[in-house]
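Going down the list, the sequences are from chains A and B.
Those letters in the first sequence? Residues 1 to 490, by the numbering used here.
Those letters in the second sequence? Residues 491 to 980, by the numbering used here.
Positions of the beta carbon are idealized from the N, C-alpha and C atoms, including for glycine.
Okay, so here's the structure we're looking at.
Protein chains: 2
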Amino acid sequence: MGKELSTREENYSEWYNELVVKADLAEHSAVKGCMVIKPYGYAIWEKMQQALDKMFKDTGHVNAYFPLFIPKSFFSKEASHVAGFAKECAVVTHYRLKTAEDGSIVVDETAKLDEELIVRPTSETIIWNTYKGWIQSYRDLPILVNQWANVVRWEMRTRLFLRTTEFLWQEGHTAHATADEAIAETEQMLNVYADFAEQWMAVPVIKGIKTANERFAGAIETYCIESLMQDGKALQAGTSHFLGQNFAKAFDVKFANKEGKQDFVWATSWGVSTRLMGALVMSHSDDKGLVLPPKLAPFQVVIVPIYKGDEQLAQINEVANKMKKAMEAKGISVKYDNRDNQRPGWKFAEYELKGVPVRIAIGGRDLENGTVEVARRDTLEKETLLQADIENKIEHLLQQIQDNLFQKALAMREAKTYHADSYEEFKKILDETPGFVMAHWDGTSETEQKIKEETKATIRCIPLNNKKEEGKCIYSGKPSNQRVVFAKAY
Amino acid sequence: MGKELSTREENYSEWYNELVVKADLAEHSAVKGCMVIKPYGYAIWEKMQQALDKMFKDTGHVNAYFPLFIPKSFFSKEASHVAGFAKECAVVTHYRLKTAEDGSIVVDETAKLDEELIVRPTSETIIWNTYKGWIQSYRDLPILVNQWANVVRWEMRTRLFLRTTEFLWQEGHTAHATADEAIAETEQMLNVYADFAEQWMAVPVIKGIKTANERFAGAIETYCIESLMQDGKALQAGTSHFLGQNFAKAFDVKFANKEGKQDFVWATSWGVSTRLMGALVMSHSDDKGLVLPPKLAPFQVVIVPIYKGDEQLAQINEVANKMKKAMEAKGISVKYDNRDNQRPGWKFAEYELKGVPVRIAIGGRDLENGTVEVARRDTLEKETLLQADIENKIEHLLQQIQDNLFQKALAMREAKTYHADSYEEFKKILDETPGFVMAHWDGTSETEQKIKEETKATIRCIPLNNKKEEGKCIYSGKPSNQRVVFAKAY
Chain A
1 MGKELSTREE NYSEWYNELV VKADLAEHSA VKGCMVIKPY GYAIWEKMQQ ALDKMFKDTG
61 HVNAYFPLFI PKSFFSKEAS HVAGFAKECA VVTHYRLKTA EDGSIVVDET AKLDEELIVR
121 PTSETIIWNT YKGWIQSYRD LPILVNQWAN VVRWEMRTRL FLRTTEFLWQ EGHTAHATAD
181 EAIAETEQML NVYADFAEQW MAVPVIKGIK TANERFAGAI ETYCIESLMQ DGKALQAGTS
241 HFLGQNFAKA FDVKFANKEG KQDFVWATSW GVSTRLMGAL VMSHSDDKGL VLPPKLAPFQ
301 VVIVPIYKGD EQLAQINEVA NKMKKAMEAK GISVKYDNRD NQRPGWKFAE YELKGVPVRI
361 AIGGRDLENG TVEVARRDTL EKETLLQADI ENKIEHLLQQ IQDNLFQKAL AMREAKTYHA
421 DSYEEFKKIL DETPGFVMAH WDGTSETEQK IKEETKATIR CIPLNNKKEE GKCIYSGKPS
481 NQRVVFAKAY
Chain B
491 MGKELSTREE NYSEWYNELV VKADLAEHSA VKGCMVIKPY GYAIWEKMQQ ALDKMFKDTG
551 HVNAYFPLFI PKSFFSKEAS HVAGFAKECA VVTHYRLKTA EDGSIVVDET AKLDEELIVR
611 PTSETIIWNT YKGWIQSYRD LPILVNQWAN VVRWEMRTRL FLRTTEFLWQ EGHTAHATAD
671 EAIAETEQML NVYADFAEQW MAVPVIKGIK TANERFAGAI ETYCIESLMQ DGKALQAGTS
731 HFLGQNFAKA FDVKFANKEG KQDFVWATSW GVSTRLMGAL VMSHSDDKGL VLPPKLAPFQ
791 VVIVPIYKGD EQLAQINEVA NKMKKAMEAK GISVKYDNRD NQRPGWKFAE YELKGVPVRI
851 AIGGRDLENG TVEVARRDTL EKETLLQADI ENKIEHLLQQ IQDNLFQKAL AMREAKTYHA
911 DSYEEFKKIL DETPGFVMAH WDGTSETEQK IKEETKATIR CIPLNNKKEE GKCIYSGKPS
971 NQRVVFAKAY
C-alpha cells in the first residue's frame, strides 16, 4: 500500500490530487469530468449538509425538489443568464436506445425530442417558471425554498471536488415583495455561509461583493465568501445573489401588493457545493495527509491497541470499549480498531492519512499505569494521560483542535495578505509570494480584464464594510477610494 | 380556494390526482413527465429518508455518490439489463448550446459526444465498473454502499409520485464473497423495507419473490414488498435483488478468496423511491384529504385559537404557547396557527386536507374551564380534555393513531384478499371486488402472460414462507403446490 504523498513544497497540485484519492475521498469515474464520491468523503459531505440544512431551517427555509431537466427555450428568457450558462450544458436530444442489426446499442433516431432538454446547470429558470403558479398576492410571499441537488456544467479541465462536470450542491431560491427584503435575505445567507465556513470548516473567509465581471449571470449583485489556500491561491467558497426582478420579468411573475397594485417579485439565489470539500482539504491538510476539523470528521477519535497475545488484547479491549462508551455518551464519535491483520504503525499512518483528529493508543504499560497515549492530528503532539475522566479531556481537546485549526488558517491567511502600491510590486508579489493582494483599482471592467490577462489574477471581491482610503489604481493610475482583493484563484 | 375533492367512490384516480396537488405535495412541471415536489410533500419525503437512512446505517451501510451519466456501452455489457432499460432512457448527445444567426438558442453541432451518455435509470453498471477498482481480495469485502439520488426512466403516461420520468430514490449496491452472504443481505434489506412500510408508513405489506416475468433486468431473484391500495389495486413498494455474479462477470470484478483462488464477486441491489409517497397517500387518505401517520407527518399537532378580540387571543396565545412548549419537549412537532386572516373553519378544513394527525382547538369557554378540544384526523372524533398534562395525553394519542392506521389498513387488505379456484371466479373478483386474489398457477411464464393479457392482473409475488397446498392452475388446470398473489397493479 503506497502511502507516500507528494509534498506540498514539491508540487502542491499533485499533493492535492493524490491526497483526495489516497484518503478515500473521491476518484475519477469512467465518465469524463464526473467523480465518484467515496464513502469516507461522502460522510464528510453529509456532515456539511446536516449542519447547513439546520442553519437554513433555523432561518425559516424549507426544502423542495425541481426537475433535473430544463427546456432549452427557458434559457433564452433571461438574456445574461443564457450567455453565462449556454456554453457548458449537457443536452438531452433523444429518449430511447435500440438494438441495431449488428447487435450493438444505438440511439433510436425516431425518438428525438421536439425541444431539447438541458441538464440543469442551475435552476433559476425552471424554479421561476414554477413560482409563477405559486404567487398571486403579497400573502404568498416570501417564498423561502432550498433544494439539495446535482447539477452539470460541462468542464474541459476538471479537478476532483474543485471543478467537475457534475457536482452536488444546494441552491436556495427565494421570492420577496420588496427589494430591501430580498437584499436582507441575500446578506443573511452570506452570513450563514461565512459562519459555516469559519465555525464548522475552520476556514476563515472574507465577505465581499463581486465586480461586474465576476457576477453571476442574471444577478444585480453577487455576494461571496473568499478563502485562501495554503499555496496562496484563492477559492470562492459560496455565493449569494440578489437577482432583482430579472427572473420575475423573464417569467412574468407578478404579485398584488397590499395596495392591490401589480408588481414584479424580487428574488435571491444562493449556493454552496462539493467544492467546499476541496477548500477543506487544501486549508488544513499536511504532507502526512488530511487534517479534519473535529466538527466535520466522520469519526473524531480512533483507539488503537498495542498488544502481545490474546490475553493482553482482551484486557485492552475491556479498557478501550469502556472509554469508547464514555466518549460516545458525550456525543464524540469513536472508532476502535482492534483488527489483527495490520500492525499499529500501519494503523497510525492510515489514520493520519485520513485526518482523524485524535488518536488514542493503549499498550501493556498503559494497562499497568492506568494511562493512554493521546496524539492530536493537527500538531502531531503526543501526551500521556490518565484513563480516568478521559471523555472530558478528549471533549476539551477536540474543541481545542477545532479552534487551533481556525487560528492557524487565519494566521496563514494574514501572513499571505499583502498590500501593493504599484503594478510592479503587484506582479512581484503574485510571482514570488502568492496570496491576497490588496490594491487600488479604478473600478472599470477594462482594467480588471487587462490585469487578468497579464497576470492571471482576478478581483476576488470588494470586501463588505471596506475601509475607505484615497489612492491610485495600480494599473491605470486613476483615482480610487478603496483597495480591493486580488488573487489568482481556483 | 376550491377545496372540494372528487370522492374516492366517484373516481379514485381523480381523487388521488387532485389530492396530491391540493394538499401541496407535488405538481406537474413544465417538463413532460417530471414533477415538482413541493415543500409539504418534500418534508414527508425527508422524514422517510431520515428513517430509512438510519436503518441502513444501523445495518452497517455507508453512503456514497456515483455519476449521473453512464456511457452507452456500459449498458451492453449485461445482456438482460440492457433489454430491460434501454427502451426508456434520456440520452445526452451534445455538450454545448450556441446562439444562432437569428438570435435563437440552438444545439452546437460541433459539440457532439463521441459516445452518448445515458442519464442513469439505475446504477448497477457504473457502480460495478467502479467496484472493479475497489476489490482485489476477500479483505475488501463486503462492500455495503447506498446512494441517495435522482434517476430517469422515460415514461409516456405519468402520474405524480407513482410513475414519473424523473424520480428520487435510494439504491443500495453491495458486494460479497459468497452467494449465501449476498442472499442474506438481499433478505435483510427486504425486511428493512417491510419494517419501514409497516412501522413508519403504517402500510401492511406482503413479502415475496417475483416471478421470472416481473424480475429486475439482470437479477437472479427479485424480492419485493407488495401493498394494497383502497381501490383494490396493488402497489409494489420496494424491491431487493440478488444479482448473483451477473454484474461481476459483465464488468470483470474478481477477488482472491482466503485460499488465494480467484472468483467473481456476488452482488445485491435494493431500492425504494418517491413512489412510496403515492402508497402513503392512497393507503390512508379519505374524501376530506390526506391522512398522515404521525411518524411521517411534517407536523403532528396543529393548535387553532377560536377567539373574539385581541384580549382573548392574548390569553389563548399564552395557553397555546405553553402547551406547544410542553409537547415539543417530548419530541412532538407542533404548529400554532394564530394567523388572523383566516377563520377557524377555514383552518380546520385546511389541516384536514393536509392530514395533520391531531388538531387542538382552544376557545373562550376552554379558557374558563381549563380545557381544549382535541380532534384526531384518522377517525375525525373529537373530545374535550383538561389542559393539564396535555403533552402526555397527546403523545399517547399519536401512538394510538399510528397503530390505528396500520390496523385499519390491515383490515382493509384482509377484507380485499380473496381466494379464487376457477378462472371464472378469478375474473369475477377482479371485475367486481378488486383486491389480492390468491390462486393456483402452473409456474409457467406463458400462463402468467396470458392471464395478464386477458385480465390485466399480474402475479405480484410468491409469498415468502408460503403455505404449500395441492391444487390446479386456474388457467391451465395443471398441478400446482401453492397459491400466488394476483392483482391489478399500479
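Query, Result
"Just mark M817(B) as buried or exposed, buried being the case when its beta carbon has 16 or more other beta carbons within 10 Å.", "buried"
"With three or more beta-carbon pairs closer than 8 Å as the criterion, would you say the region 964-971 of chain B touches the region 937-944 of chain B?", "yes"
"Report the residue from G779(B), G662(B), L733(B) whose alpha carbon sits nearest the alpha carbon of L999(B).", "Since the first residue of chain B shown is 491 and the last is 980, residue 999(B) is not available in this structure."
"Using a cut-off of 9 Å between C-beta atoms, extract the partners of W644(B) located in chain A.", "Y95, R96, A111"
"Just to confirm, is the Cβ distance from F496(A) to W128(A) under 9 Å?", "The requested residue 496(A) does not occur in the structure, where chain A is confined to residues 1 to 490."
"Go ahead and label S494(A) buried or exposed: buried means 16 or more other beta carbons lie within 10 angstroms of its beta carbon, across all protein chains shown.", "As shown, chain A starts at 1 and ends at 490. That puts residue 494(A) outside it, with no answer to give."
"Give a yes or no on whether the minimum CB-CB distance between M525(B) and chain A is below 9 Å.", "yes"
"Beta strand (DSSP E) containing A977(B): first to last residue?", "973-977"
"Should S730(B) be labelled buried (16 or more other beta-carbon atoms within 10 Å of its own) or exposed?", "buried"
"Check each candidate in F196(A), V304(A), F66(A), E115(A) and name the one with the smallest Cα separation from A149(A).", "F66(A)"
"Alpha carbon to alpha carbon, how far is Q539(B) from G33(A)?", "29 Å"
"Tell me the rounded alpha-carbon separation between N507(B) and H81(A).", "35 Å"
"Check whether the Cβ atoms of K739(B) and I715(B) lie closer than 9 Å to each other.", "no"
"Identify which residue in F754(B), G722(B), A724(B) has its Cα closest to the Cα of L733(B).", "F754(B)"
"Against chain B, does I118(A) count as a neighbour if the rule is that its beta carbon must be under 9 Å from one of theirs?", "yes"
"Whole-angstrom Cβ separation of H666(B) and E677(B), contact assumed at under 8 Å?", "Not quite, the Cβ-Cβ distance comes to about 13 Å (not below 8 Å), so this is no contact."
"To which residues does DSSP link E27(A) through a beta bridge?", "V36(A)"
"For S269(A), go through chain B and note every residue whose CB falls closer than 7 Å to its CB, in chain order.", "In chain order: nothing, as chain B lies at least about 17 Å away."
"Between N341(A), T274(A), A30(A), which lies nearest to K622(B) when the distance is taken from Cα to Cα?", "A30(A)"
"Indicate the three-state DSSP secondary structure (helix, strand or coil) for A757(B) in the structure shown.", "strand"
"F75(A) touches chain B at which residues, Cβ-Cβ below 8 Å?", "L587, I595"
"Cβ of T549(B) less than 9 Å from any chain A Cβ?", "no"
"Considering only the beta carbon of each residue, do I852(B) and A810(B) sit closer than 9 Å?", "yes"
"Taking only three categories from DSSP, how would you classify M928(B)?", "strand"
"Give a yes or no on whether 9 Å exceeds the smallest Cβ distance from N338(A) to chain B.", "no"
"Compute the Euclidean distance between the alpha carbons of K723(B) and I949(B), then round it to the nearest angstrom.", "12 Å"
"Can you find a CB in chain A that lies within less than 9 Å of the CB of Y502(B)?", "no"
"Kindly list, in the order they appear in chain B, the residues whose Cβ is closer than 8 Å to that of L326(A).", "A small fix is needed here, since residue 326(A) is Ala in this sequence, not Leu. What A326(A) touches in chain B: nothing, since even the nearest Cβ is about 22 Å away."
"Could one say the Cβ of F247(A) lies closer than 9 Å to chain B's Cβ atoms, at least one of them?", "no"
"Can you tell me whether M1(A) is buried or exposed, with buried defined as 16 or more other CB within 10 angstroms of its CB?", "The predicted position of M1(A) is uncertain, since its pLDDT is 43 and thus under 50; a value taken from the coordinates is nonetheless stated next. Flag for M1(A) reads exposed."
"Is L770(B) closer than 9 Å to M691(B) when the C-beta atoms are compared?", "yes"
"DSSP three-state call for T948(B): helix, strand or coil?", "strand"
"Which same chain residues end up closer than 6 Å to Y490(A) when comparing Cβ atoms and leaving out the 5 residues on each side of it in sequence?", "L162, K233, L235"
"Thinking C-alpha only, which one of K335(A), S285(A), F167(A) is nearest Y12(A)?", "S285(A)"
"Count the other C-beta atoms from every protein chain shown that fall within 10 angstroms of the C-beta of K844(B), then say buried if there are 16 or more, exposed otherwise.", "buried"
"For a cutoff of 9 Å on Cβ pairs, would you count Y42(A) as touching chain B?", "yes"
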